[in-house]
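Going by our numbering, 325 is the number at position 222 of the sequence shown; the sequence numbering is gapless.
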Amino acid sequence: MNLVTYFLYVFALLTYSLANAQSKKVLIIETLPVPIVTTHTQYISAELSRLNMDIKLEIYNGDGQSERIANHISKKLNCNCIDLVITNGTLASKIGKRVLKGKSIPMVFVTVADPHGAGLVPSKDSTDLNFIAGSIYSVKRGTKLEIANQLLKGKQTDIGIVATTYPSALTDIAKLESISNKYKNINLVKRVVDYKDTNDVELTDTYLQAKNAVVSIQPEVDFYWSVNGPFSEKQSFVPETSKIKPVLYGANVNSVMQGALFTVIPDVQSAAEQVAQIVKAIFSGVSPHSIAVKPAPRSTVAFNVKTATRLGIVIPYDLLSIAGDNIFQ
Numbered sequence: 104m105n106l107v108t109y110f111l112y113v114f115a116l117l118t119y120s121l122a123n124a125q126s127k128k129v130l131i132i133e134t135l136p137v138p139i140v141t142t143h144t145q146y147i148s149a150e151l152s153r154l155n156m157d158i159k160l161e162i163y164n165g166d167g168q169s170e171r172i173a174n175h176i177s178k179k180l181n182c183n184c185i186d187l188v189i190t191n192g193t194l195a196s197k198i199g200k201r202v203l204k205g206k207s208i209p210m211v212f213v214t215v216a217d218p219h220g221a222g223l224v225p226s227k228d229s230t231d232l233n234f235i236a237g238s239i240y241s242v243k244r245g246t247k248l249e250i251a252n253q254l255l256k257g258k259q260t261d262i263g264i265v266a267t268t269y270p271s272a273l274t275d276i277a278k279l280e281s282i283s284n285k286y287k288n289i290n291l292v293k294r295v296v297d298y299k300d301t302n303d304v305e306l307t308d309t310y311l312q313a314k315n316a317v318v319s320i321q322p323e324v325d326f327y328w329s330v331n332g333p334f335s336e337k338q339s340f341v342p343e344t345s346k347i348k349p350v351l352y353g354a355n356v357n358s359v360m361q362g363a364l365f366t367v368i369p370d371v372q373s374a375a376e377q378v379a380q381i382v383k384a385i386f387s388g389v390s391p392h393s394i395a396v397k398p399a400p401r402s403t404v405a406f407n408v409k410t411a412t413r414l415g416i417v418i419p420y421d422l423l424s425i426a427g428d429n430i431f432q
């Protein structure tokens, strides 16, 4: 090896080492600022830090608007400012998939109840989504209604569901409707309004229509039920809806603290650990396409005993023991 070749080799090696020594740039895109989304972001950030990964993290709130989310991802692509994107929520994930396709930037989704329905999981022979991996926001099928039926003790009950056409809300409703056929004593009363998110005015109008729908079905229902999606997960949903009729099922632990009777959701800590390990694997050279898409390994159950007492409902001891510290008054 002559001297010139040797120095070229050393220079190339140093350049490669410096490039790989740089912090990885990770963007977390939140669909909108509701507890279920922001809590996942907090836990994921903490878990990435705990793993001592050399990451420069940016968190961006999409505020529930498709165009806003797409524009920010495009902006980051144009300045070569991202090495990986974590999409938090179904809307952010669907847009991330579209904007990142063909860009050689890996994407990891979280807080998505139906990634197959959202088009985030490729078929066996497809490779057009080989840049995507993620965690499914789901618990064992039928668990929610099984707990509800135990609490209701087989009593004939009309449950109101009000939601928007947000993808995860429609998926959740479809699952509930298919499972509710098993329970002859449970009748679902459903109202769905169009989810429009082009701008703040449209989004505000969407939520106003949903609130009006809650009021409109009040004479027909005994309880309300929160489904996945931005309307039920808003901080104001349980306090405002409870003034009309009790909320039987809350979208998250915060909803139960506010007065919903119970919730059962994927455990946020285990979901964060799962996502952080996926990110670590990708940065270690593992192809996202080869990482299995599956739910978080643990679930969280929570009850509000004050609400139960007010409604004359006795929560069985075995259910309370599963809830552990997530029992609120």
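The C-beta atom is built at its ideal place from N, Cα and C for all residues, glycine as well.
Quick caveat: nothing in here was measured; it's all calculated off a predicted structure.
Of the listed residues the options, nearest to residue i (C-alpha basis)
i, options, result
"Glu-249", "Val-317, Gly-353, Ile-282, Ile-176", "Ile-282"
"Tyr-163", "Thr-214, Ile-172, Gly-388", "Ile-172"
"Phe-326", "Pro-333, Leu-351, Leu-306, Pro-342", "Leu-351"
"Gly-263", "Ser-387, Lys-314, Gly-415, Leu-232", "Lys-314"
"Ala-221", "Phe-234, Thr-142, Lys-243, Ile-198", "Ile-198"
"Gly-192", "Ile-158, Pro-270, Thr-246, Val-292", "Pro-270"
"Leu-291", "Val-224, Ala-266, Tyr-298, Thr-309", "Ala-266"
"Met-360", "Lys-348, Ser-373, Phe-340", "Phe-340"
"Val-330", "Asn-288, Gln-321, Glu-280", "Glu-280"
"Lys-247", "Gln-145, Asn-233, Asp-275, Val-371", "Asp-275"
"Ala-277", "Gly-205, Gly-245, Gln-432", "Gly-245"
Buried versus exposed, by CB contacts within 10 Å (16 or more), residue i
i, result
"Asp-300", "buried"
"Val-318", "exposed"
"Leu-203", "buried"
"Thr-268", "exposed"
"Pro-391", "buried"
"Glu-433", "What the structure shows of the chain is the stretch from 104 to 432, and residue 433 is not part of that stretch, so it cannot be assessed."
"Glu-150", "buried"
"Asp-421", "exposed"
"Gly-257", "exposed"
"Ala-216", "buried"
"Val-417", "exposed"
"Ser-358", "buried"
"Asn-155", "exposed"
"Phe-114", "Per-residue confidence for Phe-114 stands at a pLDDT of 46, beneath the threshold of 50, marking its modelled position as unreliable; no derived number is given."
"Ile-311", "Looking at the sequence shown, residue 311 is not Ile but Leu. Exposed: under 16 other Cβ atoms inside 10 Å."
"Glu-336", "buried"
"Gly-353", "buried"
"Lys-397", "exposed"
Alpha carbon of residue i to alpha carbon of residue j, nearest angstrom
i, j, result
"Thr-303", "Gln-377", "First, the amino acid is wrong: residue 303 is Asp here, not Thr. In a straight line, the C-alpha of Asp-303 is about 34 Å away from that of Gln-377."
"Ser-152", "Gln-380", "12 Å"
"Thr-134", "Gly-362", "25 Å"
"Gly-167", "Cys-184", "23 Å"
"Ser-169", "Leu-187", "19 Å"
"Asn-355", "Val-367", "8 Å"
"Ala-122", "Pro-369", "Legend: pLDDT at Ala-122 = 44, less than 50; position of this residue unreliable, no value from coordinates given."
"Arg-413", "Thr-307", "33 Å"
"Ile-131", "Val-137", "15 Å"
"Pro-333", "Leu-254", "26 Å"
"Ala-375", "Thr-410", "30 Å"
"Leu-194", "Ser-238", "15 Å"
"Lys-383", "Ser-196", "19 Å"
"Ala-405", "Leu-423", "8 Å"
"Val-389", "Lys-128", "17 Å"
"Gln-338", "Val-213", "20 Å"
"Lys-285", "Asn-174", "45 Å"
"Ser-345", "Val-211", "36 Å"
"Tyr-240", "Ser-373", "11 Å"
"Arg-401", "Ile-176", "31 Å"
"Lys-287", "Gly-165", "41 Å"
Counterpart residues of residue i in DSSP-defined beta bridges
i, result
"Lys-127", "Ile-158"
"Lys-397", "Ser-238"
"Ser-402", "Pro-369"
"Val-341", "Note: Val-341 sits in no beta bridge, so no partner."
"Thr-190", "Ile-132, Phe-212"
"Asn-174", "The partner list for Asn-174 (beta bridge, DSSP) is empty, contrary to what the question assumes."
"Ile-264", "Lys-293"
"Val-350", "Tyr-327"
"Phe-431", "Asn-407"
Whole-angstrom C-beta distance between residue j and residue i, which should lie under 8 Å
i, j, result
"Ile-87", "Ala-236", "As shown, the chain starts at 104 and ends at 432. That puts residue 87 outside it, with no answer to give."
"Ser-126", "Ile-158", "6 Å"
Any chain C beta carbon closer than 8 Å to residue i
i, result
"Lys-348", "Among the protein chains of the structure shown there is no chain C, as only one such chain exists."
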